[in-house]
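Chains as they are written, first to last, in the working numbering: chain E, 1 to 159; chain F, 160 to 324; chain B, 325 to 1308; chain A, 1309 to 1745.
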Amino acid sequence: MRAAFVALLAVAAGGCQPSPPPPPSQPVPFSHKLHVGQNLIGCGVCHSYTARGPVAGIPTMARCNGCHRFVSADKPNVQKVNAAFEAGKPLEWNRVYVLPDHVYFTHERHIAAGLRCQQCHGPVEEMDVMHQVPPLSMGWCVTCHRQRGASTDCWTCHK
Amino acid sequence: MSEPGVLGLFADPAQAAAAVRALHERGHRDVRAVMPAPFSVVVEALGYPRSRIDRITLSGAATGVAIGFAFTIGTSIAWPLVTGGKPIVSIPPFVIVAFELSVLFGATVNLLVMAITAARGRRLRAVPFDARCSDDRVGIYVADGDPAGAEETLRSFGGEEVRRA
Amino acid sequence: MGDEPHEGMSRRTFLQIAGAATAAGCTPARHAEKLVPYLVPPEHIVPGLPLFYRTACRACDAGCGVTARTREGRVIKLEGNPDDPIGRGALCARGQATLQALYAPDRWKGPMRRGGDGKLAAVSWDDAIAALASTLDDERKKGGRGIRMITRGESGSAGAVQKSVLAAFGAGPAQRLVLDPLDAPAIRAASKALYGKDEMPVFDLGAARSVVAFGADFAETWLSPVEMSRQLAAGRGRVGDDRTRFTWVAPRLAMTASSADDWLACRAGGELAIALGLLRWLTDPKNGVGDLAPEAHALAGRLGAITTAEVERRSGVPWARVAALGAELSRRRPSVVLGPGIASAGAAATPLAAAIALANHVLGNVGRTVLYGLDAQPDPPSPLGQLRSLVEEMRAGQVRVLLVGHADPAATMPAELRFGEALAKVPMVVTFNALPDGISERAHLVLPDNHSLESFGDLAPRKGVTLLEQPTMTPLADTRSASQVLLDVAAKVGLPEAKLPTDYYEFVQGRGADEAKRIGAADPAAAQRLASEHGGYFSPAAPTTVTLSAGAAEGFLALGAAPSPTEGAFDLVVFPTALRGAGGIDLPWLREVPDGITTINWTGWAEISPATAKLLGVASGDVVAITTPAGRVELPAYVWPGVRDDAVAVPLGGPEAPTLLPFTVDPVSGGLAWRSTSAKLTSAGRRVELPILGPNADEHGREIVRTVSRAHPSLPHPPPPPSMYPAPEYPKHRWAMAIDLDRCTGCQACVVACYAENNVPVMGPEATVRGRNMGWLRIERYFSVGKDGARVDTMPMLCQHCESAPCEPVCPVYATYHTGEGLNAQVYNRCVGTRYCSNNCPYKVRVFNWRDPEFPAPLNLQLNPDVTVRSKGVMEKCTFCVQRIRYAENLARDEGRPVADGEIVPACAQTCPGQAIVFGDAHDPASRVSVLARDGRGYAVLDELNTQPAITYLARVRDDERPEGGEKQPPAPEAPRGPKAGGR
Amino acid sequence: MSAPGFASIQRRIAATLRAPGPLHTLLIIVAASMAIIGGWCEAIQIRRGMVVSGLNRPVGWAVYITDFVFWVGIAHSGTLISAVLFLLRARFRTAVYRVAEAMTVFGVMTAGLFPMIHLGRPWLAYWLFPYPNQRQLWVNFRSPLMWDVFAVSTYFIVSSIFLVVGIVPDAAALRDTTTGWRRRLYSIFAAGWRGTDEEWRHYLRAYLYFAAFATPLVFSVHSVVSWDFAVSILPGWHSTIFPPYFVAGAIFSGMAMVVTLLIPLRRAFHLQDVITPWHIDRLARVVLFTSLIVSYSYALEFILAARGGESAERSTLWYRAAGHYAPLFWTMIACNSIIPLSLFSRRMRGSTIGLLVVCLLVNVGMWLERFVILVTSLSHDRIPFDWRTYAVRPIEVGITLGSFGWFFFWFLLFVRLLPSVSIAEMKEEAVHEVTHV
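Okay, structure coming up:
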């Protein structure tokens, strides 16, 4: 009965799932495809807080510079990054994955549960331009929580 | 309308009723009336059976009850949240919703059925239009039998402007 | 600390209407959010996780340790330091609120200099230091006599730096005035006179079976409130005859006295008569009090001159009650007699303090509950006579440079002193104060000091305790440590012979190393590292024994001249409160959180008794004019039975009390005579709308706060009624709370903690007038009048997390429901604001957002990122600090273990000095909360409604048994009991 | 029989539609302006938050919910007169039921605004309706407010159907005698009605069933509204007598409102011989009867509290009668229980002015009744520390007046465009009288 109703809901609400917004422009055309797909750099290498805290973390300018001091330092975009580090002015990336303020999401719990990054972020290793893949709607979150038997208590995410 | 019938207008519903009875006696089976209000004398004289649209109406109400319970119980189970220590499926409050939905569905179905049956009746048992029949005249229309005899009978009961239409 | 503290993301801002628009459409609204990476990753910081630092509290001189919780490089909350023996993890309302001084919007953003146009203008630190250096150097060349400094007590490195820099410029120790408005110098003076020790004793209330306080508001401001509240509460945790009995002696029932079992409502100034009367009764051989100190006999002879009639006349208290108190103290050993507090300190404060010390002495309390030899006394406050002479010198133009460090005599000292005027005569006024005040109005140089949370330093509040001030974040503005500035000034001038350090941080570290060596650490460097982790050096220190100087007591055993009664006048009682302190500081939380007794916030008031109110024809909220020889103020009246009919009481912390007080000084101790004048009282004929949280203080017999007698500390527990519903299931935990009303002092520390933890907005007085205060937790207080006068019962009231919560089923959109862990959840983003839940809440603990909250920058940096900031139109309430529950659960889950009992502590429970609030899992029968819930005193408020709250209150204990007094033979003294350790 | 009884009826009633007059236009403008001012006040409230109201803790509901209950109450007599009296075959209903039904529809339309107005976040009011959404969230059917949503919206739909169905034959009659835009308007309302026997056959049956549905609905709606209070645990609200008490009160206030509207209407439209003194007298008797029921309920509330043994309940009732709001309470008693007693006098029932005054006062009294029940109970809850009074603020007054403007705007528009007395039923009635009397 319950499953039937949930399924009915999913169908009824299906038409109303928000579509992901177009990707924002970035100060430097950073390619995940190049870094992850071709050079096989793991996600946690740059997003270093993923398994430790709520926030995955944006690589620090020092992290970028750490490699690019030596690698591809002659390319103009890389020079932009290196120059920003040396000038002490971090790049301002435009956020791709935005959750409302009243949602408390933690990367750490999801990684601990054995989810792969791609399950929510899509085939990042194939993306030249990072864009949002899932709708990031509440229904999307809840559907996965239900499927995996995770808590659907409101206070799991809202508090 | 294959052949024209006879229409007579009456100022007095009682006379119209008498005319209807006389027409029935004369063997006219298809006597129709058009009137601004449901004058009981005329309705009685026409002698049609009571409308049975109430059966559909009541089944609409029953559907409302069923939907009411299914909806309230279903949505409560779909995402069970405990409030005030009460059971997830709390029937007493759901009765209220089911009742309101039974009235809502009953009344809506009643309206739809009435609209359909009235429109159907209008079409199947059409009466020539005369604006006075919505004002202060009762129109009696004889659609079968001998038109001349019908005209005669209508006139004899005080029918005004008896004409073939 | 990182160079780039901006993390830029995951900072929760307001839940705007945009959020609503989000929900309205199918596509979440996009707001261009920037992700700004760190340049270099800061050590230790994991974005989204808290980082804790240990430091010291500078709100008063008690010296409590602080744990500062930071997120992404910002301090978001202050809590006590559990390793610190004084605060033991608790922190009072004022201590917690110092965080708002850090984020005060009007804090100086950098150094300022008064230009030729008479206006303060921003200036560089180099220029400011150069300006000060040249001025001071000029003075040095003239011998340094024109230099003066007024500072708060600096018991650590800062004081040492000040003294040596001043000395280097030729200014002697007498030219540095230490100002502590709420100091109790009479006690120090009495110690000196009686024992030859110019020091403040340390009191151990936890070991005492009877506590008598002469106006000593030890749960609010007196000496060490957090510590003494905890100690009193320890005595309240004992059941039966061992429960500490507390007697309050003062003309007004202070908030501290709401914990008292008995109130001797003596006339203002009559405390001395009671203290001497008490001494007389105790030493009178007729009363046969056994086991007295050997000096008692000698005292008895002198005390015979004090007649019972005179005691009654002076104090207005029947002799029988004094005698009863004596009988109680003779029976219940050890005891402690405390005082005088500010409200009782008059021109004869030292004789009173001496009488109190003698009472402790003859009862054998010294060495058991009254401990000498623990006062570190590196920087005691100066006698106020010095302040008067300083003002005279300023007026005479003899002071040419005045340095002011964290002091504001203009706001905290009687206006009669006319400090501001004298200030205008000083050619160079330099202030290190962080906020604009009466000093900076006339200052020539403003050199804003770092907030204590931004600076290094140390404190020595008592022997064996050295607290470290450690920076918890980078300074918000271009401020500098005042000590470093002084050193820089000296370096600028170049005074090599003074051998001054150049770097304050290194100086502090050097002193730390010395301290590590002094306490005999095997590895001083490791000890120093450990100390910075623990927040200080804590080593046991033993009290010393003292001997009463022969004959010293004799001078204090007379009542002195009787005051001439003034016709038609009321005694003016000036009192400090837990929130308002001495004044001079205006922090939103301390203004917003209501006073414990009156529940008034934002404004001052005048307390009068119902009889006085009738006489004047006024009611609460009517304005009365109070006139003393020193001045006249108009204040709204608050009528309640906790003040004598012949007194009017005015709180400190506003401009009113300094206006009314004459600058009278206790000649022996040099302390301010707070209790020195009488006042004329008239109705001003107008009325104001009082911002008052609980206008009604009458319980109407509803037994909200239940009481049990000391002899039978148990309530009836009828069997639970049958339920129509299936028993609820809690698969893992069922969170619950127990609140011991016998331990609650009403100090409001929990309320401030809740404001800080849960982003509760400050709404201002208008909101309170209209019944829209946003506090999730409030202290309810009810007055009752028994045969011995007024009683106050306080009770923390917060969401009860009822199992059968009336609020839950009435919400049409499931914005409130019961979680599987027994919490009554409120989902802000689902709430549409019907307010039905609040209407149906019998405890009225839900608060509605009547408008959007305001957190003017940089106060918004204090917001807890783990708690949503609620927008207008949304209901909110106590969550049992669900973010802390989740944090601990998450940690336990990561470590693969169950959550331990006591691991989850909501903010209110964490900070409660009396440890009245206990939180835990009701599922675990061994948890502390389960044990307390089974206590005989346990009850649920409004249990007749069968809401099954998760909060068990433990009834207050009434100790009305008073031993017969009079001159009769008292019962034989019980065997004295050894001192007991505080805490549980 | 030379002159049938119904010949002149249509012209007389249709005449009401053709005589707008400057006074009528002015009244419509005044009503519309009031509604606009109310809307402006609501806009301020949405922008600044509920801070502009006088609400506080503990008084979370006051004027807006009072208005809601008041207007739902007003909406009650319409269906009562048209449905219940139809089933009971009460003849005095015919001349007055159309006005009453219109009042019902507009009353519910007004009442329905207030649950939205009183919300803290009215822009999310649609969350109160259960609809499939991407969040997969539903509503709480255990909440009385959810019952309200169902009851009030059902009531609105059913009473609108009832009104429109009743208008169909009249619109057909007017369609056939008018031209221009009016003809087009009436054509829409007539929905192709011709008046044939087959139409009437189904119509009569359906109408009976509308009445049969509407009757329990009337009682359920105000019972549900009363449950908003009765199922709470607030002393002064938590009472089992509330449903009948509220239903009686609703009929009482609704009847008083019908009389308040009919007396000026019949004078303005010269309908004295259609709505005769006999009709008025019957209505006055219903007002008197329901007043007695309401007075009995008042007494019962106090008796139950006094003998019920719950001290908080006693305290609240005592506060109601003797506390801060006592003047309002006693005004309410005067208006609802004492002044209507004058209707025992035949002369009073015969005097249109006297009756109008009594009914206006009943309207005031019934508004106060809801206010007093709401506010005195809330401001005197179980925790004495939190007792606090409430005072109305200008925005609330503005919105309340706006609701009157809104109601009267629609009502005045209605009487100008659609027949305010049922033409068909009056015709039938006339014939009935001729043949049977």
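Beta carbons are placed, not taken as given, at the ideal position from N, Cα and C, and that holds for glycine.
Residues that residue i bridges to, as DSSP identifies them
{"i": "residue 1149 of chain B", "result": "B/1141"}
{"i": "residue 789 of chain B", "result": "B/786 and B/862"}
{"i": "residue 273 of chain F", "result": "Residue 273 of chain F is not bridged to any residue."}
Own chain, CB closer than 7 Å to residue i, minus 5 neighbours either side, in chain order
{"i": "residue 383 of chain B", "result": "418, 419 and 422"}
{"i": "residue 191 of chain F", "result": "284, 286, 300 and 302"}
{"i": "residue 108 of chain E", "result": "51, 52, 53 and 54"}
{"i": "residue 762 of chain B", "result": "732, 734, 735 and 744"}
{"i": "residue 984 of chain B", "result": "896, 950, 952, 954, 955, 957, 974 and 1003"}
{"i": "residue 596 of chain B", "result": "672, 675, 676, 679 and 883"}
Euclidean distance between Cα positions of residue i and residue j
{"i": "residue 244 of chain F", "j": "residue 256 of chain F", "result": "21 Å"}
{"i": "residue 1659 of chain A", "j": "residue 1159 of chain B", "result": "45 Å"}
{"i": "residue 1179 of chain B", "j": "residue 1106 of chain B", "result": "33 Å"}
{"i": "residue 426 of chain B", "j": "residue 700 of chain B", "result": "28 Å"}
{"i": "residue 887 of chain B", "j": "residue 516 of chain B", "result": "27 Å"}
{"i": "residue 1388 of chain A", "j": "residue 1602 of chain A", "result": "17 Å"}
Residue i and residue j closer than 9 Å at C-beta
{"i": "residue 979 of chain B", "j": "residue 948 of chain B", "result": "no"}
{"i": "residue 1193 of chain B", "j": "residue 1177 of chain B", "result": "yes"}
{"i": "residue 996 of chain B", "j": "residue 974 of chain B", "result": "no"}
{"i": "residue 1498 of chain A", "j": "residue 1513 of chain A", "result": "no"}
{"i": "residue 43 of chain E", "j": "residue 56 of chain E", "result": "yes"}
{"i": "residue 325 of chain F", "j": "residue 1501 of chain A", "result": "With chain F covering 160 to 324 only, the question about residue 325 of chain F has no answer from this structure."}
{"i": "residue 1557 of chain A", "j": "residue 1523 of chain A", "result": "no"}
{"i": "residue 1418 of chain A", "j": "residue 1715 of chain A", "result": "yes"}
{"i": "residue 1554 of chain A", "j": "residue 1531 of chain A", "result": "yes"}
Cβ shell of residue i (< 6 Å), same chain only, five flanking positions each side left out
{"i": "residue 189 of chain F", "result": "302 and 303"}
{"i": "residue 551 of chain B", "result": "410"}
Neighbour-count burial assignment, residue i, 16 or more Cβ in a 10 Å radius
{"i": "residue 1036 of chain B", "result": "exposed"}
{"i": "residue 1315 of chain B", "result": "In the structure as shown, chain B begins at 325 and stops at 1308. Residue 1315 of chain B is therefore absent and cannot be evaluated."}
{"i": "residue 1707 of chain A", "result": "buried"}
{"i": "residue 1492 of chain A", "result": "exposed"}
{"i": "residue 1694 of chain A", "result": "buried"}
{"i": "residue 368 of chain B", "result": "exposed"}
{"i": "residue 415 of chain B", "result": "buried"}
{"i": "residue 238 of chain F", "result": "buried"}
{"i": "residue 39 of chain E", "result": "exposed"}
{"i": "residue 1045 of chain B", "result": "exposed"}
Cβ-based neighbour list, residue i, same chain, cut-off 8 Å, excluding 5 preceding and 5 following
{"i": "residue 348 of chain B", "result": "At residue 348 of chain B, the pLDDT of 35 sits below 50, so the modelled position is not reliable and the matter cannot be decided from this model."}
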